[in-house]
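Counting in the numbering used here, the sequence shown runs from 9 upward without gaps.
C-beta: ideal position from N, C-alpha, C; glycine also.
Bear in mind the structure is a predicted one, so any value in this text is a computation, not a measurement.
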Amino acid sequence: MIASPDSAHLRTALALGRQALGTTWPNQAVGCVIVAADGRVAGRGVTGIGGRPHAEVQALTEAGDRAAGGTAYVTLEPCAHDGATPSCARLLAEAALARVVIGTHDPDPRTNGAGTALLAAAGVTVTSGLHEDEAKRLHAGHLRRVASGRPQVTLKLAASLDGRIATSTGASQWLTGQLARRHGHLLRARHDAILVGAGTATRDDPELTCRLPGLGDRSPVRVVVIGAESPLPSGRLLSTLGSSPVWLLATARRRPDTTELEAAGAEIIDVAADASGRPSLEQALRTLAARGVTSVLVEGGQTVATALLRNRLVDTLVWYSADAVVGSDGLAAVGELARTALSETRDFRTVRARRLGPDHVRFLERAT
Numbered sequence: 009m010i011a012s013p014d015s016a017h018l019r020t021a022l023a024l025g026r027q028a029l030g031t032t033w034p035n036q037a038v039g040c041v042i043v044a045a046d047g048r049v050a051g052r053g054v055t056g057i058g059g060r061p062h063a064e065v066q067a068l069t070e071a072g073d074r075a076a077g078g079t080a081y082v083t084l085e086p087c088a089h090d091g092a093t094p095s096c097a098r099l100l101a102e103a104a105l106a107r108v109v110i111g112t113h114d115p116d117p118r119t120n121g122a123g124t125a126l127l128a129a130a131g132v133t134v135t136s137g138l139h140e141d142e143a144k145r146l147h148a149g150h151l152r153r154v155a156s157g158r159p160q161v162t163l164k165l166a167a168s169l170d171g172r173i174a175t176s177t178g179a180s181q182w183l184t185g186q187l188a189r190r191h192g193h194l195l196r197a198r199h200d201a202i203l204v205g206a207g208t209a210t211r212d213d214p215e216l217t218c219r220l221p222g223l224g225d226r227s228p229v230r231v232v233v234i235g236a237e238s239p240l241p242s243g244r245l246l247s248t249l250g251s252s253p254v255w256l257l258a259t260a261r262r263r264p265d266t267t268e269l270e271a272a273g274a275e276i277i278d279v280a281a282d283a284s285g286r287p288s289l290e291q292a293l294r295t296l297a298a299r300g301v302t303s304v305l306v307e308g309g310q311t312v313a314t315a316l317l318r319n320r321l322v323d324t325l326v327w328y329s330a331d332a333v334v335g336s337d338g339l340a341a342v343g344e345l346a347r348t349a350l351s352e353t354r355d356f357r358t359v360r361a362r363r364l365g366p367d368h369v370r371f372l373e374r375a376t
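Written as structure tokens, this is what we have:
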């Protein structure tokens, strides 16, 4: 089946937006394509690094006078608020476009239909909802932050067939093969931040950077949750501070001595405590959102993964499965969740799956 021109052009805009994931926060990774009245593509744009310039601005600049009478395809409703520069909705209207096709509306109170209304008032025909599921998936971080006050959370787990992430001796490198590990690095590049617990940071001594060729500058902010009794991270995390920042989340009342870490360049951020006195993961996520972070990749370990699942703070689960059996004496990927009814266990649904060399990966989204 041949896709309609509207469908094809919006899919191109979605692809442009996906290329910028992880680089545009605190703004959204928007893609925009402008097609002239003669049906030829006149301009393309994607949100710039750090959120500026906006995708629509870039596409309009490239299109120039050819935008008049044409159609703009935008993955997210154009912003309606004027700031240092005019709103994107106003710029599109002033370009005398005939139509604007939008993937999904922007619930940000500063826009929330106002962008569409501004365009319509200027005589521009607005079509919305085309490929909306894909657009919502692209902008999941922004939508989650507006709706819930926290970033979109992706939990990444690599486990054996029987759900173990390490042997009884703690050996875990490498459970999955090289292709699966490279895919994990791609996930890092597509997220604003990566989060681990202090145990993982000290036991595994990870860099938590993206080390794929050509994507070395796409490493996320590295976030470590530390408690009063937690071992403090050192090693590779601190020796690679030039690659991306390191943020340590701790409670103000039970913060360990972080003088040396701060001197090395790590930033200590106070968060509220949970009932046990440890940093509250929900409050930690809200703190990250307040700093502009829209998406967080969680790489473990078991304690953090279990706490997030128990509190239903995981939006997407990426599960790598190796063709290996470790046994019940190995470390389980997930600890106790205190769920007694099967009806409480259906948190996720598989949206796609693929093979990565000898391993399999499943992508699951929250079902409830």
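Below 8 Å, how does it come out for the stretch 26-43 and the stretch 65-81: are there three or more Cβ pairs, yes or no?
Segments in contact, yes.
If we count the other Cβ atoms within 10 Å of its Cβ and call it buried at 16 or more, is Pro-239 buried or exposed?
One-based indexing of the sequence shown puts residue 239 at position 231. Looking at its Cβ environment, which holds fewer than 16 other Cβ atoms inside 10 Å, Pro-239 is exposed.
Ala-340: which of Asp-282, Pro-241, Glu-290 and Gly-171 sits nearest, CA to CA?
Position 332 of the sequence shown, counted from the start, is the residue given in the question as residue 340. Closest option to Ala-340, Cα to Cα, is Gly-171.
Please classify Asn-319: is it buried, with 16 or more other beta-carbons within 10 angstroms of its beta-carbon, or exposed?
Numbered from its first residue, the sequence shown carries residue 319 at position 311. Per the 10 Å Cβ criterion, exposed.
Considering only the alpha carbon of each residue, which of Val-279, Gly-149, Ala-88 and Gly-273 lies closest to Ser-252?
Within the sequence shown, numbered from 1, the residue matching residue 252 stands at position 244. Ser-252 has its Cα closest to that of Gly-273, out of Val-279, Gly-149, Ala-88 and Gly-273.
Note down the Cα distance separating Arg-299 from Gly-205, rounded to an integer number of angstroms.
Looking up residue 299 in the sequence shown gives position 291. Looking up residue 205 in the sequence shown gives position 197. Computed Cα separation, rounded: 20 Å.
Residue range of the beta strand (DSSP E) that Asp-14 falls in?
The sequence position of residue 14 within the sequence shown is 6, counting from 1. Taken as a continuous stretch (DSSP letters only), Asp-14 belongs to no beta strand (DSSP E), being part of the alpha helix (DSSP H) at 13-27.
Cys-96 by DSSP, collapsed to three states: which one?
By 1-based counting over the sequence shown, the position of residue 96 is 88. Of the three classes helix, strand and coil, the one that applies to Cys-96 here is helix, per DSSP.
Indicate whether Leu-256 and Leu-289 have their beta-carbon atoms separated by less than 8 Å.
Indexing the sequence shown from 1 puts residue 256 at position 248. Indexing the sequence shown from 1 puts residue 289 at position 281. Contact: no.
Please name the residue in Gly-338, Arg-374 and Thr-358 whose C-alpha comes closest to that of Glu-352.
In the sequence shown, residue 352 corresponds to position 344, counting from 1. Looking at the Cα atoms, Arg-374 is the closest of the given residues.
Can you give me the C-alpha to C-alpha distance between Asp-114 and Gln-181, rounded to a whole angstrom?
As a first step, residue 114 is located in the sequence shown; it is residue number 106 there, counting from the start. As a first step, residue 181 is located in the sequence shown; it is residue number 173 there, counting from the start. Going by the C-alpha atoms only, they are around 42 Å apart.
Output yes or no for whether 8 Å exceeds the beta carbon distance between Val-134 and His-199.
Position 126 of the sequence shown, counted from the first residue, corresponds to residue 134. Position 191 of the sequence shown, counted from the first residue, corresponds to residue 199. Cβ distance not < 8 Å, so Val-134 and His-199 don't count as in contact.
Report yes if the CB atom of Ala-332 is closer than 8 Å to the CB atom of Leu-183, and no otherwise.
Taking the sequence shown and counting its residues from 1, the one referred to as residue 332 is at position 324. Taking the sequence shown and counting its residues from 1, the one referred to as residue 183 is at position 175. Going by C-beta atoms, Ala-332 is nearer than 8 Å to Leu-183.
Can you tell me where the alpha helix (DSSP H) with Val-312 in it begins and where it stops?
Reading the sequence shown from its first residue, position 304 is the one you call residue 312. Note, Val-312: alpha helix (DSSP H), 310-318.
Near Gln-66, what residues of its chain come up, given a Cβ to Cβ distance below 6 Å and the 5 sequence neighbours on each side ignored?
Start at 1 with the first residue of the sequence shown, and residue 66 comes out as number 58. Contacts found: Gly-53.
What would DSSP say about Ala-201, mapped onto helix, strand or coil?
Here residue 201 corresponds to residue number 193 of the sequence shown, with the count starting at 1. Strand, per DSSP.
Taking the alpha carbon of Gln-186 as the point to measure from, which residue in Leu-364, Pro-228, Arg-152 and Val-342 has its own alpha carbon closest?
Reading the sequence shown from its first residue, position 178 is the one you call residue 186. The residue with the shortest Cα to Cα distance from Gln-186 is Leu-364.
Rounded to whole angstroms, how far is the Cβ of Ala-37 from the Cβ of Thr-55, which I believe are closer than 8 Å?
The count along the sequence shown starts at 1 and reaches residue 37 at position 29. The count along the sequence shown starts at 1 and reaches residue 55 at position 47. With a Cβ gap of about 5 Å, Ala-37 and Thr-55 count as contacting.
DSSP has Lys-164 in a bridge; who is on the other side?
Within the sequence shown, the letter at position 156 stands for residue 164. Answer is Val-326, bridged to Lys-164.
Have a look at Gly-207, Ala-45, Val-49 and His-62 and flag the residue whose alpha-carbon is nearest the alpha-carbon of Thr-31.
Within the sequence shown, residue 31 is the residue found at index 23, counting from 1. Residue His-62 is the option with its Cα nearest to Thr-31.
Relative to the C-alpha of Leu-84, which candidate in Ala-174, Val-132 and Thr-124 has its C-alpha closest?
Taking the first residue of the sequence shown as 1, we reach residue 84 at position 76. The shortest Cα separation from Leu-84 among Ala-174, Val-132 and Thr-124 belongs to Thr-124.
Specify, as a first and last residue, the run of the alpha helix (DSSP H) that Ser-156 falls within.
Taking the sequence shown and counting its residues from 1, the one referred to as residue 156 is at position 148. Note, Ser-156: alpha helix (DSSP H), 148-156.
Apart from the five residues on each side of it in sequence, which residues of its chain come closer than 8 Å, Cβ to Cβ, to Ala-297?
Taking the first residue of the sequence shown as 1, we reach residue 297 at position 289. If we look at Ala-297 and ignore the five residues flanking it on each side, its Cβ neighbours are Arg-153, Gly-157, Arg-158 and Pro-159.
For Arg-230 versus Leu-246, is the C-beta spacing smaller than 8 Å?
Taking the first residue of the sequence shown as position 1, residue 230 is located at position 222. Taking the first residue of the sequence shown as position 1, residue 246 is located at position 238. No, the Cβ-Cβ distance between Arg-230 and Leu-246 is not below 8 Å.
Grouping DSSP H, G and I as helix and E and B as strand, with all else coil, what is Ala-298?
Against the sequence shown, residue 298 aligns to sequence position 290. Residue state, collapsed to three classes: helix.
Could you name each continuous beta strand (DSSP E) segment of 3 residues or more that falls completely within the stretch 166-235, going from the start of the chain to the end?
Complete beta strand (DSSP E) runs here, min 3: 172-174, 201-205 and 229-233.
Could you check if Ser-12 is buried or exposed, using at least 16 other CB atoms within 10 Å of its CB as the buried criterion?
Working through the sequence shown from its first residue, we reach residue 12 at position 4. Exposed, since its Cβ has fewer than 16 Cβ neighbours within 10 Å.
Would you call the CB atoms of Pro-86 and Ala-104 closer than 8 Å?
Counting from 1 along the sequence shown, the entry for residue 86 is found at position 78. Counting from 1 along the sequence shown, the entry for residue 104 is found at position 96. Cβ distance not < 8 Å, so Pro-86 and Ala-104 don't count as in contact.
Taking the alpha carbon of Arg-347 as the reference point, which residue from Leu-151, Ala-75 and Thr-314 has its own alpha carbon closest?
The residue given as residue 347 occupies position 339 in the sequence shown. Out of Leu-151, Ala-75 and Thr-314, Thr-314 has the C-alpha closest to the C-alpha of Arg-347.
Can you tell me whether Ala-346 is helix, strand or coil according to DSSP?
Counting from one through the sequence shown, the residue named residue 346 turns up at place 338. Residue state, collapsed to three classes: coil.
Which same chain residues, not among the five before or five after Arg-107, have their C-beta less than 6 Å away from its C-beta?
For the purposes of this step, residue 107 is taken as residue 99 along the sequence shown, with counting starting at 1. Thr-79 and Thr-133.
I'd like the list of long-range same chain contacts for His-17, defined as Cβ closer than 7 Å, with 5 residues on each side in sequence excluded.
Taking the sequence shown and counting its residues from 1, one reaches residue 17 at position 9. The residues are Val-41, Val-43 and Tyr-81.
If I measure Cβ to Cβ from Ala-209 and keep anything under 7 Å in the same chain, skipping five residues before and after, which residues do I get?
Taking the sequence shown and counting its residues from 1, the one referred to as residue 209 is at position 201. Answer for Ala-209: Val-232, Pro-241 and Leu-245, listed in chain order.
Identify whether Ser-247 lies in helix, strand or coil by the three-state DSSP scheme.
The count along the sequence shown starts at 1 and reaches residue 247 at position 239. Of the three classes helix, strand and coil, the one that applies to Ser-247 here is helix, per DSSP.
In this structure, what does DSSP give as the bridge partners for Leu-257?
Translated into positions along the sequence shown, residue 257 becomes position 249. For Leu-257, which the question treats as bridged, DSSP gives the partners Val-233 and Ile-277.
Starting from Ala-63, trace the alpha helix (DSSP H) both ways and give me its first and last residue.
Within the sequence shown, the letter at position 55 stands for residue 63. Residues 63-71.
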